[in-house]
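A.B. asks: Going by the UniProt record's numbering, the first residue of the sequence shown is number 1, and it counts up by one from there.
Just so it is clear, CB atoms sit at the ideal spot from N, CA and C, and this is done for glycine as well.
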Amino acid sequence: MTSQTLFQLSRIGYLALLLLLSGWFIQQGINGTYSLGFSLIWILPLLLPLKGILTGNPYTYAWASFILCLYLLHGLTLAYVTTDALVFALIESVLICVLLVSFPFYARIRGRELGLGLKKKSEQQ
């Protein structure tokens, strides 16, 4: 897979996840399950890497996976505790798993193309 293919897959998947979760949490705030303010707070961490993901910054792709782990925990917990939102929870979890694979691969491939990376100790001296 080329870095351009991974970039497109990751970016589309991230935007799909952002729309899916925004719709879910806002709907939960509107129908009274949560307050609307609490629902918006759930979306904020997902917005932090937005600029870097849209521009293709490999460093952002590397650290954004840590944020996705929070939402994977949400999806898996929701799948375990409820039957009403099982389909939503499975879609959320599968989408995040795809992103957790594609983000680091893109960061690695694109970072090598740009000559980024950690220098070995012997190269620093």
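Only counting runs of 4 or more residues, tell me where the alpha helix (DSSP H) segments fall wholly within the segment 34-121, in order along the chain.
C.D. replies: List check, alpha helix (DSSP H) in window: 36-47, 50-55, 58-81, 86-114.
A.B. asks: Where do the ends of the alpha helix (DSSP H) carrying G13 lie?
C.D. replies: 3-30
A.B. asks: Comparing C-alpha positions only, which one of L72, S39, S102, L116 sits nearest to G29?
C.D. replies: It is S39.
A.B. asks: When you compare the segment 11-26 with the segment 98-106, are there three or more beta-carbon pairs, one atom per stretch, that lie closer than 8 angstroms?
C.D. replies: yes
A.B. asks: I'd like to know whether the C-beta atoms of Y59 and L9 end up nearer to each other than 9 angstroms.
C.D. replies: no
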